[in-house]
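Counting the sequence shown from 1 gives a position; the numbering used here is that position plus 24.
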Amino acid sequence: SFLYSIIPIFAMGKDAHEYIYTSTVLLVIACPCALVISTPVVSVCGLAKAAKKGVLIKGGLYLENLGKLKAIAFDKTGTLTEGKFKMTQFGCCEGVDPHSVLAMLASVEDQSSHPIAA
């Protein structure tokens, strides 16, 4: 694997990125002990690819758990798309004044240190 990456680069002037990548793939496939390093390599590659696209994932375990998802739900408040928190709809039980409920909620939210309590 090492020679496969070094000889074409230095002897033939080939693209270093391509040959280093393929030699790493060859190492992971050909060597049984490489199975031990293949999991961290795949996790790091997945985290790096997600980060390039603007998605921050806490770690490899969370990345693995994404593969087990059967369904995913997103809110439609614009939190994910715009990064701005807003309430789009509010409802109360019958006979309850919505203005007083909103006033109580606002006073509770005012005391909160949660990131979306602004």
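Backbone N, C-alpha and C fix where the C-beta goes; we use that ideal spot for every residue, glycine too. Here the structure is a predicted model, which means the values were calculated and not measured.
Beta-carbon contacts of residue i that lie in its chain and below 6 angstroms, excluding the five residues immediately before and after
{"i": "residue 136", "result": "none"}
{"i": "residue 43", "result": "29, 32, 33"}
{"i": "residue 96", "result": "none"}
{"i": "residue 128", "result": "none"}
Whole-Å CB distance - residue i paired with residue j, under 8 angstroms assumed
{"i": "residue 84", "j": "residue 67", "result": "3 angstroms"}
Euclidean distance between Cα positions of residue i and residue j
{"i": "residue 34", "j": "residue 138", "result": "55 angstroms"}
{"i": "residue 46", "j": "residue 31", "result": "13 angstroms"}
{"i": "residue 133", "j": "residue 64", "result": "41 angstroms"}
{"i": "residue 125", "j": "residue 111", "result": "14 angstroms"}
{"i": "residue 118", "j": "residue 131", "result": "22 angstroms"}
{"i": "residue 48", "j": "residue 76", "result": "21 angstroms"}
{"i": "residue 94", "j": "residue 36", "result": "48 angstroms"}
{"i": "residue 114", "j": "residue 41", "result": "54 angstroms"}
{"i": "residue 53", "j": "residue 74", "result": "24 angstroms"}
{"i": "residue 69", "j": "residue 120", "result": "53 angstroms"}
{"i": "residue 79", "j": "residue 89", "result": "15 angstroms"}
8 angstroms Cβ shell around residue i - same chain, five flanking residues per side excluded
{"i": "residue 38", "result": "32"}
{"i": "residue 71", "result": "81, 83, 84, 87"}
7 angstroms CB neighbourhood of residue i in its chain, flanking five on each side removed
{"i": "residue 116", "result": "122, 125"}
Completely contained alpha helix (DSSP H) runs for the region 31-88, where each covers 4 or more residues
Complete alpha helix (DSSP H) runs here, min 4: 40-54, 58-76.
Which ranges would you report for the alpha helix (DSSP H) in the region 112-137 if only whole runs of at least 4 residues count?
Counting only runs of 4 or more, we get 122-134.
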